[in-house]
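J.: One structure follows; several queries about it will come next.
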Amino acid sequence: MQYSYSRLSTFEQCPFKYKLKYIDNIDPIIKDTIETFLGSIVHQTLEQLYKTLLTGYIIFLDNLLTFFYHKWYEQWDDEILIVKKKYSMQHYQSRGKQFITDYYNQYTPFNKTKTISVEDRISFSLDDEKIYQMQGYIDRLDESKSGHYEIHDYKTGSKLPSQNQLDKDRQLAIYALGVKHKYPDANDIELVWHFLKFNKELRSKRSDQQLSTLSSQLISSIDTIENTKKYPRTPSLLCHWCRYKPICPQYSHLYQIREHRENRYHKRTGKQLVDRYIMIKKQTNQQNLDSFLELEQLKKDILDYAKREQLDVIYGTHSKILIVKKKQGSTEDKETQKEILLIDD
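Using this note's numbering, you'd call the opening residue of the sequence shown number 1 and step up by one each time.
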């Protein structure tokens, strides 16, 4: 089995997402995010620029932008997710145009280096027995006038990392391992990032010792994944851009509500159960026996609902309830757990 930087990163970010994508082979429910779409179109445009340069010709900027717009409208789909609702499709399209324009003006006539390949797939082994396989796609591989190799990568994100972060970056370092495998004369490799939003070029290098250490770390990471039996969900800010949200127990109930397909349970939806539970919890004197008994029944109904619908989170009108399993001790046979409710306003 071949691993890649993105595959390893997916497991580290969220093992549950890894399972859905790489083990269950489930296609993403959300077609795409606007950030991913923007990055794809910009990459295709710069790929076209350098593929043309490989034939000995330079594309004029106007023609390159025409290519950009053509690819944008050809591949656009109204189902593409825009997380930041204050921005429109046109906003991201304008950003892409600016990225291409700034890059073109900075590097024209594109003669500082010699391009070897564009969007080149690399595949290599981390060990002599060829058990641990890696693969990846390099945006652009160049050779400088001094004879060293340069691995170029285009970034369309909104954050500019520090030099220290780049010196620890794994993605291009993994590609460096692949380049060394493919080109035996690649003794001196420079890693080059183009942060298009900032019109900045940043560079880093890796020593042979650093690459050897990275190779060992990658083998260890692959071993961890291969021996994994459980794939827990790992909520984070990255969830906002996850294309599996509609089937993730952390968010699937929210999508049921939005799409008006929430299952009923004892004549109450999950949303109604949460709203009622929170209202009594906040407004009623819990010393009252009737209120206490209703809260206990609601708690049971909520836990039953979550179990039936396979949910980690149930959403109300203004709040949500998280179902958390808390370790309660252990017996000779198994560790016991107690489910508790956490209110998130």
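Think of the CB as a built atom: it goes at the ideal place given N, C-alpha and C, for glycine as much as any other residue.
Does the beta-carbon of L160 have 16 or more other beta-carbons within 10 angstroms, so that it is buried, or is it exposed?
T.: Flag for L160 reads exposed.
J.: When you compare each of L273, P109 and I30 to H318 by their alpha carbons, which one comes out closest?
T.: Cα-wise, what sits closest to H318 is L273.
J.: If you drop the 5 nearest sequence neighbours on each side, which residues of the same chain put their C-beta closer than 7 Å to that of K17?
T.: Closer than 7 Å at Cβ, skipping near neighbours: T10, C242 and Y244.
J.: Apart from the five residues just before and just after D32, which ones in its own chain have a Cβ nearer than 6 Å to its Cβ?
T.: Only I80 meet the Cβ criterion.
J.: Taking the alpha-carbon positions, what's the D117 to R140 distance?
T.: The residue asked about is misnamed: residue 117 is Ser in this sequence, not Asp. In a straight line, the C-alpha of S117 is about 6 Å away from that of R140.
J.: How is F60 classed by DSSP in three states: helix, strand or coil?
T.: It is coil, neither helix nor strand.
J.: Look at C248 and R258 and say whether their C-beta atoms are less than 8 Å apart.
T.: In this structure, R258 does not lie closer than 8 Å to C248 by Cβ.
J.: Whole angstroms are fine: how far does the CA of I23 sit from the CA of H181?
T.: Cα to Cα, the separation comes out at about 28 Å.
J.: Going by DSSP, what residue range makes up the beta strand (DSSP E) through D120?
T.: Taken as a continuous stretch (DSSP letters only), the beta strand (DSSP E) holding D120 covers T113 to S125.
J.: Among G136, H194, T269 and L238, which one has its Cα closest to the Cα of G39?
T.: Checking every option, the nearest Cα to that of G39 belongs to H194.
J.: Helix or strand or just coil, what does DSSP make of R264?
T.: Reliability of the predicted coordinates at R264 is poor, the pLDDT of 49 falling under 50, and the value obtained from them is presented with this limitation in mind. R264: coil per DSSP, three-state reduction.
J.: Jot down the residue ranges of each uninterrupted beta strand (DSSP E) in the region 1-63, minimum 3 residues, whole runs only, in chain order.
T.: List check, beta strand (DSSP E) in window: 2-4.
J.: Mapping DSSP to helix, strand and coil, what is Q93?
T.: In this structure, Q93 counts as helix in the three-state DSSP scheme.
J.: On the DSSP letters alone, give me the boundaries of the alpha helix (DSSP H) that L172 sits inside.
T.: Here the alpha helix (DSSP H) through L172 covers Q171 to K182.
J.: Can you check whether the CB of L191 is closer than 8 Å to the CB of K168?
T.: The answer is no: Cβ separation not under 8 Å.
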